[in-house]
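Q: Chains as they are written, first to last, in my numbering: chain A, 1 to 227; chain B, 228 to 843.
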Amino acid sequence: MDKYRICYCKFGPARYISHLDLGRALGRSLRRAGLPVAYSQGFHPLPKMAFGPPLPVGVESEAEYVDVAFTRELPEAEIAKHLNPSLPPGLQVTGVERLPAKAPALTAMIDRLSYLFVVEVAEDWNRRNTGDFLRCLWQKKELPVIRKRQGREKKVDVRPFWDGYKFSFIEQDLLRIEIEVIFGPQGTLRPDEFRSFFPSGWRVGKVTRLKAWSTKVFPCGSPVHRR
Amino acid sequence: MYNFYEPFLNEVRKPSRYAGGELNSIVKDWTKVNVRVALAFPDLYELGFSHLGLRLLYHRINEEEDFLAERVYAPAEDMEAKLREAGLPLFSLETRRSLADFDLLGFTLQYELSYTNILNMMDMAGIPLRRKDRGEDFPLVAGGGPGSFNPEPVADFFDFFLLGDGEEAILEILKVLAGGKAKGKRKAEIKKELMTIPGIYLPEFYCVEYFPTGEVAAVRPVSGAPAVVHKRVVSDLNRAYLPQKEIVPWMETVHDRMVLEIMRGCTRGCRFCQAGMIYRPVRERKREVIEESLAAMLKHTGYEEVSLTSLSSADHSQIQELAGRLTARYSPEVSISLPSLRLDAFSPELAAQFQGNRKATLTFAPEAGTDRLRRVINKGLTHREIITVLGTVFRSGWQKVKLYFMIGLPTETQEDLEGLVDMAREVLQIGRDFHRGKARVTISASTFIPKPHTPFQWRPQIGRDEILRKQKFLRDNLRGRGLELSWNQANMSLLEGVFSRGDRRLSNVLEEAFRRGCRFDAWPDRLRWDLWQAVFIVSGLRPDFYTVRSRPQEEVFPWSHLSTGVSTAYLWEENCRADSEIPTPNCRPPGRCLKCGVCRVLKVTPRVAAGGRKDG
Chain A
1 MDKYRICYCK FGPARYISHL DLGRALGRSL RRAGLPVAYS QGFHPLPKMA
51 FGPPLPVGVE SEAEYVDVAF TRELPEAEIA KHLNPSLPPG LQVTGVERLP
101 AKAPALTAMI DRLSYLFVVE VAEDWNRRNT GDFLRCLWQK KELPVIRKRQ
151 GREKKVDVRP FWDGYKFSFI EQDLLRIEIE VIFGPQGTLR PDEFRSFFPS
201 GWRVGKVTRL KAWSTKVFPC GSPVHRR
Chain B
228 MYNFYEPFLN EVRKPSRYAG GELNSIVKDW TKVNVRVALA FPDLYELGFS
278 HLGLRLLYHR INEEEDFLAE RVYAPAEDME AKLREAGLPL FSLETRRSLA
328 DFDLLGFTLQ YELSYTNILN MMDMAGIPLR RKDRGEDFPL VAGGGPGSFN
378 PEPVADFFDF FLLGDGEEAI LEILKVLAGG KAKGKRKAEI KKELMTIPGI
428 YLPEFYCVEY FPTGEVAAVR PVSGAPAVVH KRVVSDLNRA YLPQKEIVPW
478 METVHDRMVL EIMRGCTRGC RFCQAGMIYR PVRERKREVI EESLAAMLKH
528 TGYEEVSLTS LSSADHSQIQ ELAGRLTARY SPEVSISLPS LRLDAFSPEL
578 AAQFQGNRKA TLTFAPEAGT DRLRRVINKG LTHREIITVL GTVFRSGWQK
628 VKLYFMIGLP TETQEDLEGL VDMAREVLQI GRDFHRGKAR VTISASTFIP
678 KPHTPFQWRP QIGRDEILRK QKFLRDNLRG RGLELSWNQA NMSLLEGVFS
728 RGDRRLSNVL EEAFRRGCRF DAWPDRLRWD LWQAVFIVSG LRPDFYTVRS
778 RPQEEVFPWS HLSTGVSTAY LWEENCRADS EIPTPNCRPP GRCLKCGVCR
828 VLKVTPRVAA GGRKDG
């Protein structure tokens with residue numbers, strides 16, 4: 001069995017697919033492409049796939065990863081060539097890499113993510129007061145959000161997961177904010193949680209995951225984006 | 228693409244319901260086509276998506292260079308609130324245009340309890356609900372599907388209905404619309420032309436008169452409309468259009484698999500079954516056609532499961548051969564399934580081929596609890612046959628079975644209910660003999676609702692008290708480990724009964740219920756019986772008139788001018804045979820035509836794939 005790491009982007013209507021539905025969509029795309037996917041055993045065979053960190057519904061991404069097992073070795077370029085025309089609109093393969101046998105799982109590897117917010121703001125927002133606002137947010141000891149799980153509400157401090165930011169103005173009323181967040185078993189900061197701290201007048205147009213990478217060093221295995 | 232909907236998509240639940248852009252969906256340039264059609268399913272995306280008829284029409288229309296079809300489903304509560312608050316119209320998935328921008332807005336009438344959603348969808352696009360209030364600028368509103376065989380409760384909201392098979396008639400309709408648009412014709416002129424297309428029913432050309440007691444006295448055609456509208460039939464499914472590049476949804480839909488229709492119509496003649504009457508005669512697709520289409524469909528969709536659908540798939544004359552060949556070719560990556568199995572067509576080999584070796588639940592429909600009642604409804608199955616088959620099922624390894632029953636069938640007595648209970652317990656006992664505590668029997672007991680164009684159209688439906696009493700009896704007696712019972716809300720069955728055999732006077736009730744907030748009446752948690760009750764009181768119409776009333780032979784039904792081809796005389800005779808418990812045989816074998824009238828009236832013949840045609 002041969003494992004490959006596929007890097008793809010998700011945009012347009014595809015950004016509304018949930019993480020769960022994505023597995024099915026990709027499975028069907030691999031079938032349409034006629035690629036020799038390896039299936040799990042049992043009554044209900046499923047393609048052997050393992051995804052990276054889940055992408056929230058509605059968020060676009062330029063850096064999604066999935067590891068797929070095939071029954072035989074294939075040239076990396078062949079996979080992209082066959083898979084791309086079979087993908088639904090809004091999904092596109094940007095890279096394929098063969099994995100060594102003992103490559104660590106994506107979710108174990110990836111520990112940083114970055115997101116881009118494109119925000120429409122009123123004219124009275126400029127470099128200075130925007131900078132002040134974000135610095136003030138950054139200096140907070142705690143950033144509490146309410147998370148709902150199984151009908152119960154729970155207060156979570158997401159400040160520890162915020163790792164950095166930068167911003168610039170694309171136009172006078174169009175702001176670009178890029179943040180880095182920590183992803184791991186302890187948790188993460190979700191983009192919808194981050195935007196909940198924005199002033200009420202800011203209108204978020206688009207949210208995009210720009211990168212996913214690992215700060216750890218692995219003896220083997222394919223590094224995803226190195227910084 | 229109108230992007231001002233984009234912010235809403237981020238704020239509603241399951242945005243892929245509205246996002247569009249699914250694989251194989253078709254987006255056409257509005258400036259390059261003549262006629263634009265919105266195909267609407269009046270329920271949520273995940274339910275409506277699986278509907279075969281609309282999918283077929285969608286692709287058929289889009290095959291034509293001059294026409295386009297887009298889709299729309301009922302918005303969920305959260306989306307409705309957002310759109311209404313923002314003052315934005317309900318939009319199509321493909322180009323996000325208001326439904327009001329289309330030339331034709333077509334709804335499928337799959338179940339009566341979706342009617343308030345139809346009104347809501349029109350209202351959300353700013354389209355006046357009543358036909359008479361819609362000027363030249365609004366689309367023509369059309370209906371199809373089983374509901375169009377008695378569309379009277381919604382007749383005042385629609386411009387026309389198509390009775391029967393749509394894949395051929397739709398193009399004839401659109402050609403008339405295209406011609407009308409090119410010449411700048413008014414709606415009235417276009418409708419006159421539509422009237423000449425067989426299968427088209429334009430309710431405004433029929434004047435309904437009532438007796439003071441509420442029954443229909445007469446339905447009079449005016450302005451040269453035909454006295455009776457006969458349904459459309461596609462005579463040969465082997466040559467009929469079958470889409471091969473079907474849309475693959477983003478989200479998980481209710482039947483998340485590819486569906487291939489292998490046969491239309493059914494020859495069994497169960498007396499309660501509307502589908503069995505209105506889709507006659509039987510027309511099978513040949514094995515070669517099925518295999519070829521299936522290969523193409525799988526290539527374009529990548530589905531992991533295919534359902535070979537029809538009213539009674541195990542009756543297809545080539546099913547064994549088909550099962551063998553498909554399993555050999557596609558197993559195990561693609562599983563092939565049948566929607567349900569008939570007890571008398573069951574074999575463990577067939578079931579194993581179709582269910583794979585997944586010992587999931589097998590579903591059967593004995594329908595009634597005793598041999599006597601099964602003779603009444605013409606479900607020719609004996610207790611012994613049922614028990615024998617279920618013995619085979621459990622012996623072959625299945626641990627779970629689901630049995631469908633109805634309560635409130637004509638002539639039902641306490642004995643029949645006891646028979647149902649005894650059968651459920653006996654089946655469970657057999658299951659235990661093979662699988663001990665792992666055996667499961669699920670009983671679904673839904674309330675029988677007499678449907679138009681069936682032998683039981685004259686029969687009363689049981690009232691609320693009787694429904695509740697019978698449900699309680701089953702609940703009390705079907706308790707315990709390994710047994711599970713499900714049933715329908717009594718109010719829901721009553722409401723369905725009212726609209727199923729309803730007349731035009733009900734349009735006021737529907738509109739008022741919609742205005743007061745009724746939506747998604749088929750959803751147990753959404754049905755607002757309190758609102759419906761209040762509306763009925765104000766309207767002066769009594770639900771009982773439509774449900775529990777027994778109709779005399781000479782009754783003029785609200786649908787008497789609409790014909791499935793099956794003669795009323797045949798239906799009445801079947802109704803009488805029910806009382807005498809006389810079985811009516813399957814009309815599939817050659818030379819066994821029962822003269823129901825459909826082949827003679829509609830000039831068609833049954834088509835069986837193996838063994839050639841039957842005599843009509």
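Just so you know, even glycine gets a beta-carbon here, dropped at the ideal spot from N, CA and C.
Pull out every residue of the stretch 134–160 of chain A whose Cβ sits closer than 7 Å to any Cβ of chain B, in chain order.
A: Of all residues in the stretch 134–160 of chain A, none has a Cβ within less than 7 Å of some Cβ in chain B.
Q: Whose CA, out of B:571, B:590, B:624, B:638, lies closest to the CA of residue 609 (chain B)?
A: Looking at the Cα atoms, B:571 is the closest of the given residues.
Q: For residue 286 (chain B), which three-state DSSP category applies?
A: helix
Q: Does the beta carbon of residue 221 (chain A) sit closer than 7 Å to a beta carbon anywhere in chain B?
A: Below a pLDDT of 50, predicted positions are generally treated as unreliable, and residue 221 (chain A), at 43, falls in that range; no measurement from the model is reported.
Q: Is the stretch 112–126 of chain A in contact with the stretch 205–218 of chain A, if contact means three or more CB pairs nearer than 8 Å?
A: yes
Q: List the DSSP bridge partners of residue 166 (chain A).
A: A:178
Q: Between which two residues does the beta strand (DSSP E) harbouring residue 277 (chain B) extend?
A: From DSSP, residue 277 (chain B) is part of no beta strand (DSSP E); its letter is neither H nor E.
Q: How do the stretch 324–332 of chain B and the stretch 501–513 of chain B stand: do at least 3 beta-carbon pairs fall below 8 Å, yes or no?
A: no
Q: According to the Cβ coordinates, are residue 426 (chain B) and residue 396 (chain B) closer than 7 Å?
A: yes
Q: How is residue 615 (chain B) classed by DSSP in three states: helix, strand or coil?
A: helix
Q: So residue 330 (chain B) and residue 254 (chain B) are supposed to be a Cβ contact under 8 Å. How far apart are they, rounded?
A: Between residue 254 (chain B) and residue 330 (chain B) the Cβ distance is about 17 Å, and since that is not below 8 Å, they are no contact.
Q: Whole angstroms is fine: what's the gap from residue 106 (chain A)'s alpha carbon to residue 57 (chain A)'s?
A: 20 Å
Q: Output yes or no for whether 7 Å exceeds the beta carbon distance between residue 715 (chain B) and residue 774 (chain B).
A: no
Q: Would the beta-carbon of residue 825 (chain B) fall within 7 Å of that of residue 793 (chain B)?
A: Cβ distance < 7 Å, so residue 825 (chain B) and residue 793 (chain B) count as in contact.
Q: Over what stretch of residues does the alpha helix (DSSP H) that includes residue 234 (chain B) continue unbroken?
A: 233–236
Q: With the cut-off set at 7 Å, would you say residue 527 (chain B) and residue 471 (chain B) are in Cβ contact?
A: yes
Q: Closest to residue 353 (chain B) by CA distance: which of B:316, B:364, B:367 is it?
A: B:316
Q: Determine, using beta carbons only, whether residue 701 (chain B) and residue 710 (chain B) come nearer to each other than 7 Å.
A: no
Q: Does the distance from the CB of residue 276 (chain B) to the CB of residue 480 (chain B) come in under 7 Å?
A: yes
Q: Determine contact between the stretch 270–285 of chain B and the stretch 306–316 of chain B, defined as no fewer than three beta-carbon pairs at a distance below 8 Å.
A: Contact between the stretch 270–285 of chain B and the stretch 306–316 of chain B is absent, because fewer than three Cβ pairs lie under 8 Å.
Q: Distance cutoff 7 Å, beta carbons only. Does residue 184 (chain A) sit that close to anything in chain D?
A: Absent from the structure is chain D; the protein chains it does hold are A and B.
Q: Does chain A have any CB closer than 7 Å to the CB of residue 485 (chain B)?
A: no
Q: Determine which residues of the stretch 518–535 of chain B have a Cβ less than 9 Å from any Cβ of chain A, and write them out in chain order.
A: 525, 526, 527, 528, 529, 530, 531
Q: Name the chain B residues that come within less than 8 Å of residue 228 (chain A), Cβ to Cβ?
A: No information on residue 228 (chain A) is available, as it lies outside the stretch 1 to 227 that chain A covers here.
Q: Nearest chain B C-beta to residue 195 (chain A) closer than 7 Å, yes or no?
A: no
Q: Residue 250 (chain B) CB to nearest chain A CB: under 7 Å?
A: yes
Q: Are the beta-carbon atoms of residue 631 (chain B) and residue 574 (chain B) separated by less than 7 Å?
A: Cβ atoms of residue 631 (chain B) and residue 574 (chain B): not closer than 7 Å.
Q: Enumerate in chain order the residues of its own chain whose CB-to-CB distance from residue 517 (chain B) is below 7 Å, with the five nearest sequence positions on each side excluded.
A: Answer for residue 517 (chain B): 487, 489, 549, listed in chain order.
Q: Tell me whether the stretch 55–75 of chain A and the stretch 1–11 of chain A touch, counting them as touching only if at least three CB pairs, one residue from each stretch, are closer than 8 Å.
A: Using a Cβ-Cβ distance cut-off of 8 Å, the stretch 55–75 of chain A and the stretch 1–11 of chain A are in contact, since at least three pairs of beta carbons, one from each stretch, lie closer than that value.
Q: By DSSP, does residue 669 (chain B) sit in helix, in strand, or in coil?
A: strand
Q: For the beta strand (DSSP E) that residue 268 (chain B) lies in, which residues bound it at each end?
A: 262–268
Q: Return the residues of the stretch 77–96 of chain A that lie within a Cβ-Cβ distance of less than 9 Å from chain B, sorted by chain order.
A: 86, 87, 88, 89, 90
Q: Taking Cβ to Cβ, would you say residue 139 (chain A) is nearer than 7 Å to residue 9 (chain A)?
A: no
Q: Could you name the residues of the stretch 27–39 of chain A whose beta carbon sits closer than 9 Å to any beta carbon of chain B, in the order they occur along the chain?
A: 27, 28, 29, 30, 31, 32, 33, 34, 37, 39
Q: In terms of DSSP beta bridges, what is residue 4 (chain A) paired with?
A: A:68, A:98
Q: Is DSSP giving residue 121 (chain A) helix, strand or coil here?
A: DSSP places residue 121 (chain A) in coil when its eight states are reduced to three.
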